[in-house]
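Visitor: Residue numbers (this note's numbering), protein chains in the order written: chain A, 1 to 145; chain B, 1001 to 1145. The beta-carbon is built from N, C-alpha and C at its ideal position, and this holds for glycine as well. Okay, handing you the structure first.
2 protein chains.
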Amino acid sequence: MKQGADLQSLIGYQVQRANLRMDADARAALADHDLSPAKMTALILIRDNPGCDQTALGRALSINRSSAMKLVNILVDKGLIERRPGRDLRTNALVLLPHGEAQLAAMMKAMRASDAQMTARLSAAELRTLLDLLDRIGPDDTESE
Amino acid sequence: MKQGADLQSLIGYQVQRANLRMDADARAALADHDLSPAKMTALILIRDNPGCDQTALGRALSINRSSAMKLVNILVDKGLIERRPGRDLRTNALVLLPHGEAQLAAMMKAMRASDAQMTARLSAAELRTLLDLLDRIGPDDTESE
DNA sequence: TATTGTTATACTCTATAACTATA
DNA sequence: TATAGTTATAGAGTATAACAATA
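In C-alpha cells:
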C-alpha cells in the first residue's frame, strides 16, 4: 500500500506508527508475564508512589476513576498489590506486595531488552535528542503568555 | 504522581506518552467530523490506493480481515466509500466517493492545524530530525546480516 | 489448498451514570 | 457540596474461529 504525502507529513501519524511498533514488541516481550505494558506501568507508579489512591493512579495513567478501579481489581486479584486504609475513610492506599515487586523486576528486565533492541539503530546521543524532542511535543502555550 | 527513573528511561514509554498527547488533541480536532483518526487514515489510504481490497487495507492499518471488514462497513454506511467488483470474484475494490473526499479534505485541514499546534515548539530542522529518528525505531537487524 | 469476504462471538479497555460513604 | 470508591451498563476496537465462494 502506498503511503501518500498526507500521511508522511503528519508528525502525529509518524509518532503513532513508532508507538505501534514499540508497543507490539513490548507486548511480545511481556507475553510470558500475563500483564500488559499499561499494567506494568501501574505497578511502577504504585511502587514509586506507595500509598497513592486510585484516583491519583488513574490521573497518572490518563484513565478515569471507574477504569482505574477495574485495573486495580485485576492487580489485587493477581496478588501483586494491596488496598490498605488510606489517609481518610474514603480513600485506599495502594502498595506493591513482594510478589508484585518480584514480577515487576522480571518484567522490567524483559522490557528493557525490548526497548534496547528496538532503539539499537540510534546512538546514545540520538536517544537523548529523541527524548528531548518528544518531551517538547505538546500544546503551544503562546496564547497564554 | 512521581514518575521514577524506570519510566523516564524507557524510550517506548516516552513515545507512548507523546502519542497519547497528540492523539487526544487530534481526536478533539476531529470531534465535529464524527470519525476517529484511524478511520481518517483509512480514507487517506483508500484515496491513495484506489481499488485496493479489504485485506490490503487491514494490513496497512495493522488489523486483521475481520476488523477491516467492520471498519469498511462503517465507512460504507456513512456514504464515504464504496465496494466495487474487484480484480477477481472474491475481492472488493474500495474507492473513495465524492462525499468522502469532501469530508476528508475538511478533516485534513483540522488535523494539520492540530499537528502544527502540538509541534509548535519544535523548529523545522528539529521536526526533520524527529521524523528521521522515529523512522529508525524498529527491530535491530544485525542478526540477519 | 490458499485466499477473500463474511458472520458470530468474545475479550480488552475505556467511558458514563448513578449510588454510598465520607469530608 | 465535593470527593473516593463502587457498581452496572455500554461502546469502540480488536481478535479467533468457522463458513462459503472463488482461485
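Since A:L80 contacts A:G100 with CB under 8 Å, what's their CB separation in whole angstroms?
Guide: Numbered from 1 along the first sequence, position 80 holds the residue referred to as residue 80 of chain A. Numbered from 1 along the first sequence, position 100 holds the residue referred to as residue 100 of chain A. Yes, A:L80 and A:G100 are in contact; Cβ-Cβ is about 3 Å, under 8 Å.
Visitor: How would you write the range of the beta strand (DSSP E) that B:L1061 sits in, first residue to last?
Guide: Numbered from 1 along the second sequence, position 61 holds the residue referred to as residue 1061 of chain B. In the DSSP assignment, B:L1061 falls outside any beta strand (DSSP E) and within the unbroken alpha helix (DSSP H) covering Q1054 to L1061.
Visitor: Measure the C-alpha to C-alpha separation of A:E145 and A:M1 and round it to an integer number of angstroms.
Guide: Within the first sequence, the letter at position 145 stands for residue 145 of chain A. Within the first sequence, the letter at position 1 stands for residue 1 of chain A. Because A:E145 sits at a pLDDT of 40, beneath the cut-off of 50, its placement in the model cannot be relied upon, and the point is left open.
Visitor: Here's the rule: buried if 16 or more other CB atoms are within 10 angstroms of the residue's CB, otherwise exposed. What is A:P37?
Guide: Stepping through the first sequence from its first residue, residue 37 of chain A is reached at position 37. Buried, by the Cβ-count rule.
Visitor: At the level of alpha carbons, what is the spacing between A:A29 and A:L20?
Guide: What you label residue 29 of chain A is simply residue 29 of the first sequence in a count that begins at 1. What you label residue 20 of chain A is simply residue 20 of the first sequence in a count that begins at 1. One alpha carbon belongs to A:A29, the other to A:L20, and they sit about 14 Å apart.
Visitor: Looking at the secondary structure, which residues open and close the alpha helix (DSSP H) in which A:A31 lies?
Guide: Within the first sequence, the letter at position 31 stands for residue 31 of chain A. Neither: A:A31 is in no alpha helix (DSSP H) and is coded neither H nor E.
Visitor: Shortest alpha-carbon distance to A:P50 belongs to which of A:E82, A:D140 and A:A5?
Guide: What you label residue 50 of chain A is simply residue 50 of the first sequence in a count that begins at 1. With distances taken between Cα atoms, A:P50 lies closest to A:E82.
Visitor: Where B:M1115 and B:Q1103 are concerned, what is the direct C-alpha to C-alpha distance, given to the nearest angstrom?
Guide: The residue given as residue 1115 of chain B occupies position 115 in the second sequence. The residue given as residue 1103 of chain B occupies position 103 in the second sequence. A small fix is needed here, since residue 1115 of chain B is Asp in this sequence, not Met. Rounded to whole angstroms, B:D1115 to B:Q1103 spans 18 Å at the Cα level.
Visitor: Alpha carbon to alpha carbon, what distance is there between A:L75 and A:V95?
Guide: Indexing the first sequence from 1 puts residue 95 of chain A at position 95. Indexing the first sequence from 1 puts residue 75 of chain A at position 75. About 11 Å.
Visitor: For the candidate residues A:D25, A:S67, A:I63 and A:M107, whose alpha-carbon lies nearest to that of B:D1006?
Guide: One-based indexing of the second sequence puts residue 1006 of chain B at position 6. B:D1006 has its Cα closest to that of A:M107, out of A:D25, A:S67, A:I63 and A:M107.
Visitor: Does any C-beta atom of chain A lie closer than 8 Å to the C-beta of B:M1111?
Guide: Counted from its first residue, the second sequence places residue 1111 of chain B at position 111. Yes, its Cβ sits closer than 8 Å to a Cβ of chain A.
Visitor: Which residue comes first and which comes last in the alpha helix (DSSP H) that contains B:A1124?
Guide: Here residue 1124 of chain B is taken as the residue at index 124 of the second sequence, counted from 1. Looking at the DSSP string, the run of the alpha helix (DSSP H) that includes B:A1124 is A1124 to D1135.
Visitor: For B:N1092, which beta-bridge partners are listed by DSSP?
Guide: Mapped onto the second sequence, residue 1092 of chain B falls at position 92. BP columns for B:N1092 point to B:P1085.
Visitor: Flag A:L10 as yes if its beta-carbon sits less than 8 Å from any beta-carbon of chain B, otherwise no.
Guide: Start at 1 with the first residue of the first sequence, and residue 10 of chain A comes out as number 10. True, the Cβ-Cβ gap to chain B drops below 8 Å.
Visitor: Would you mind working out which of B:L1071, B:I1046, B:L1133 and B:L1122 sits nearest B:L1035, comparing C-alpha positions?
Guide: For the purposes of this step, residue 1035 of chain B is taken as the residue at position 35 of the second sequence. For the set B:L1071, B:I1046, B:L1133 and B:L1122, the Cα lying nearest the Cα of B:L1035 is the one of B:L1071.
Visitor: If we cut at 8 Å on Cβ distances, does B:A1125 have a partner in chain A?
Guide: Here residue 1125 of chain B is taken as the residue at index 125 of the second sequence, counted from 1. So, not an interface residue.
Visitor: Quick check on the burial criterion: 16 or more other C-beta atoms within 10 angstroms. Buried or exposed for A:I44?
Guide: Position 44 of the first sequence, counted from the first residue, corresponds to residue 44 of chain A. Classification for A:I44: buried.
Visitor: Could you have a look at B:R1017 and say whether DSSP puts it in helix, strand or coil?
Guide: Position 17 of the second sequence, counted from the start, is the residue given in the question as residue 1017 of chain B. In the structure shown, B:R1017 sits in a helix (DSSP, three-state: H, G or I).
Visitor: What do you reckon, are the CB atoms on B:D983 and B:G1086 nearer than 8 Å?
Guide: With chain B covering 1001 to 1145 only, the question about residue 983 of chain B has no answer from this structure.
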